[in-house]
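Shown next, in structure tokens, is the structure this report addresses.
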Amino acid sequence: MSVPVPKTSVFSALRWPAVVGWLAVSVVGAGALGAIALNRGETINSAWFVVAAACVYAIGFRFYSLFIATRVLLLDSTRATPAERLNDGRDFVPTNRWIVFGHHFAAIAGPGPLIGPTLAAQFGYLPGTLWIVLGGVLGGCVQDFIILFCSLRRDGRSLGQMAREEIGPLGGFAAMLGVVLISLILIAVLGLVVVNAMKHSPWATFTVAATIPIALLMGIYMRNLRPGRVLEATTLGVVLLLLAVTGGGYVEGIPALRNVFDYDAPTLALFVIAYGFCAAVVPVWLLLAPRDYLSTFMKIGTILALAVAILLLNPLIKMPALTQFIDGTGPIFSGKLFPFVFITIACGAISGFHAMISSGTTPKLLTNEADARMVGYGAMVVESFVAVMAMIAATVLDPGVYFAINSPAGIVGAEAAQAVATISSWGFPVSVAQMSALARDMGEATLFARTGGAPSLAVGMASIFAQITGPGLLAVWYHFAIMFEALFILTTLDAGTRVARFIAQDFLGNFIPALGRTSWYPSVLITSALVVGAWGYFLYQGTQDPLGGINSMWPLFGIANQMLAAIALCVATTVLVKSDRARYVWVTAVPLAWLLLITTTAALHKLFNPLPKIGFLAHASDLSAKLAAHTLPTPLATLAPRMIFNDRLNSGLTLLFMVLAWVLVCDMVWVCVRHLRGQAGRPLAEVAYVRTALTHG
Amino acid sequence: MWHLLWNRFKQILRVLNGDDAYARYLAHWRILHAEEPLPSRAEFFRRETERRWNGIRRCC
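Quick mapping for you: the protein sequence lines, in order, are chains A and B.
For the first sequence, my numbering assigns the number 1 to the initial residue and increments by one for each residue that follows.
For the second sequence, my numbering assigns the number 1001 to the initial residue and increments by one for each residue that follows.
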């Protein structure tokens, strides 16, 4: 039987110097948060953001996560982990906790925490920052930690399996369908971000294209030339990648080469779709694995560099705390502050997709159960800090410049003069000359209407890095940042397509058994084409959309991701209730209730808001009315029938997410109530206690 | 001193990067599977890459 863990207060171990220290941290943190919230000056130093975030994270980690570890979950370091019990030297390997931390962080932090905050900066710096920091400490970190714990106690089972075992078959199905849909939307929207960064930019297109042969070369190197020498191949890849970034500058300068890499958005979308299909059907060693090695390396390196640069330079934030767009009239995406800031920033605050990682590779590596706190809660704290840095990088730009880069042409006008006039009229002065000079500095023809967050983040990062290296390198840093984001977006695109394909093969195998054989090549081709076709459709439509596509797709992604988080929290809540920890159920139930509130409100807005800018259905009927009355200009009139169809499709998806989440919540409440009443139900699927043979216990 | 630090740094890089996967497997194999034939480095990586990347590994 389990050794009883002594119940201690999270405060009891504190001696008086520590008490004084933590009081100081609280006071400093509260002061910095106050400074951020109450500042009404022109600018504010980003050091306040770093200090406020660091203090909140420190307190959250030291006290709240300790409370969860010792009172709620009763982490037990004498209990053998799956890595110890099932050690197979491959999946299940007891690993140093810092290494697990690194792997887990690299797996959860993708482009999401960089893009969401950049888009949400249209409300001003304050709402997004508060949500990232508080949502992270009370929501996202808790979710990641508890799901990791649940999976640790269940031999590293996946979220879907745990949902099936703890809640019921419906739970498992909802989790699986959620993962497929979220992958499709995520890939489409990320593809759009890359396309918007590459359109009519030979430099960016060349650099991103160069990542493909570099990965191929690495793949062949690791398989045939020097088998298994991963570090050598990665170093080679990083060097070639840096050469490609600088080489792009020369491509930009030679007219004949320029034209080879100069494309409009729809053409680039077709390239990305074709690439996505090829990447998903070639063996993993050739493209996916080498690029994953490469992107992990670049990710950790660049994030560290950005953190050091921000800490050293303390750049000034020029965005106001709040903009007038909290009323819902924002150019980048429409909708009021509540609930849309919470939907726009998913990754960085709370992201359901993390539950897939916390219940995947990570629980199979932990040596000591007690380390779940540091890895689960801690890694998410770091991701949350990455999101704060993305917010800083977006808001150090002049607000006028930020809006000029991010606003779609359909809203501010396609002509530069028209766009700057519109943006200046909002009270964010910007001029054509300023934008041209900036574009020239960044080595681009234009920076207008590069919706999606990647380019404005890249401009922000470039201007921060160039403060250290000098302005001569601005263009190189800009394209480095674009390459860095594109690198892991392409990895996500490839990996996500494969995940959706496995689930599709599994599902279709019920009807046509041959399709269920994951290694049968015709099945691979057919199901990959289906999956790529599904996200490719959304991606291509996004490039045709006069509002830039991000406008409708990012909220859909946010809703999907938060709904998946709701599913994960349902599993966590059920586990707490069934392990007779019902008095601590608020730890997961409160974030769950909050998520249900914001996702349902956002979904209802996207479905039924009468404003065409916000509601999908209102937009569809507005377009049909104008189409019938022949009041649409020609390019829009030809696109309108397709846009109307897309609006209805998006509404259908939104409705599906909402129904899935609520059905699961009802199921969860039913299971919990039955348990509390003492009625028989599915037993807790926890694996029995085995004492660890390792020395730490 | 610097030499030590550099070696430590290289070791951290190797482990984070996954370069040491074979060495780790070797250690495991010696203890548990010593009677079975030992896969070569190339063979090990061929199988591992195939197995590891066919699943959910990365998030948004």
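By construction, the Cβ of each residue, glycine as well, lies at the ideal position given by its N, Cα and C atoms.
- Around the Cβ of residue 578 of chain A, a 10 Å sphere holds 16 or more other Cβ atoms; the residue is buried.
- Close CB contacts of residue 80 of chain A within its chain, under the 6 Å cut and outside five residues either way in sequence, are with 690 and 692 (chain order).
- DSSP places residue 1027 of chain B in the helix class (H, G or I) of the three-state scheme.
- When secondary structure is reduced to three states using DSSP, residue 406 of chain A falls in the helix class.
- Here residue 455 of chain A is buried: its Cβ has 16 or more other Cβ atoms, across all protein chains shown, within 10 Å.
- Near chain B, meaning a CB-to-CB distance below 9 Å, the residues of the region 559–579 of chain A are 561.
- With a beta-carbon spacing of about 6 Å, residue 323 of chain A and residue 123 of chain A fall inside the 8 Å limit used to define contacts.
- Taking a C-beta distance under 9 Å as the contact criterion, residue 413 of chain A and residue 422 of chain A qualify as a contact pair.
- With a beta-carbon spacing of about 29 Å, residue 603 of chain A and residue 385 of chain A fall beyond the 8 Å limit used to define contacts.
- In the DSSP assignment, residue 322 of chain A falls outside any alpha helix (DSSP H), carrying neither H nor E.
- Counting C-beta pairs closer than 8 Å gives three or more between the region 43–59 of chain A and the region 16–35 of chain A, which meets the contact rule.
- Among the residues of the region 85–114 of chain A, those with a Cβ less than 9 Å away from any Cβ of chain B are 87, 88, 89, 90, 91, 93, 95, 96, 98, 99, 102, 103, 106, 107, 108, 109, 110, 111, 112 and 113, in the order of the chain.
- Identification of residues in the region 197–229 of chain A having a C-beta nearer than 8 Å to some C-beta of chain B yields 222, 223, 227, 228 and 229, given in sequence order.
- Around residue 1042 of chain B, the beta-carbon contacts reaching into chain A at under 8 Å are 223, 227 and 228.
- Partner residues in the beta bridge of residue 366 of chain A, as assigned by DSSP, are A/95.
- Taking C-beta separations shorter than 7 Å and ignoring five residues to either side along the sequence, the partners of residue 363 of chain A in its chain run 82, 148, 151, 152 and 156, following chain order.
- In this structure, the straight-line span from the alpha carbon of residue 238 of chain A to that of residue 294 of chain A is close to 7 Å.
- In this structure, residue 497 of chain A sits away from residue 554 of chain A, with a CB-CB distance that is not shorter than 9 Å.
- A direct Cα-to-Cα measurement between residue 437 of chain A and residue 139 of chain A gives close to 42 Å.
- Residue 1014 of chain B reaches chain A at 231, counting residues in chain order whose Cβ is nearer than 7 Å.
- As a beta-bridge residue in DSSP terms, residue 45 of chain A pairs with A/316.
- No Cβ-Cβ contact shorter than 9 Å links residue 390 of chain A with residue 695 of chain A.
- Note that the region 212–225 of chain A does not touch the region 519–531 of chain A; fewer than 3 beta-carbon pairs, one per stretch, sit closer than 8 Å.
- The region 88–107 of chain A and the region 1015–1032 of chain B touch, with three or more beta-carbon pairs separated by less than 8 Å.
- Interface annotation for the region 265–292 of chain A against chain B: 283, 284, 285, 288, 289 and 292, criterion Cβ-Cβ distance under 8 Å.
- By the neighbour-count definition (other C-beta atoms within 10 Å, threshold 16), residue 158 of chain A is a buried residue.
- Rounded to the nearest whole angstrom, the CA to CA distance from residue 154 of chain A to residue 106 of chain A is 23 Å.
- By DSSP's assignment, residue 79 of chain A forms a beta bridge with A/691.
- Close to residue 234 of chain A, with beta-carbon spacing below 7 Å, are these residues of chain B in chain order: 1017.
- The residue from A/240, A/219 and A/203 with its alpha-carbon nearest to that of residue 255 of chain A is A/203.
- At a Cβ-Cβ threshold of 9 Å, residue 375 of chain A and residue 1052 of chain B do not count as neighbours.
- Closest in C-alpha terms to residue 169 of chain A, from the list A/74, A/667 and A/403, comes A/667.
- For the C-beta of residue 297 of chain A, the chain B residues within less than 8 Å are, from N- to C-terminus, 1017.
- Buried is the label assigned to residue 218 of chain A, since at least 16 other Cβ atoms lie within 10 Å of its Cβ.
- Under the DSSP assignment, residue 553 of chain A falls in the alpha helix (DSSP H) whose first and last residues are 550–578.
- In chain A, no part has a C-beta under 7 Å from the C-beta of residue 1008 of chain B; the shortest such distance is about 12 Å.
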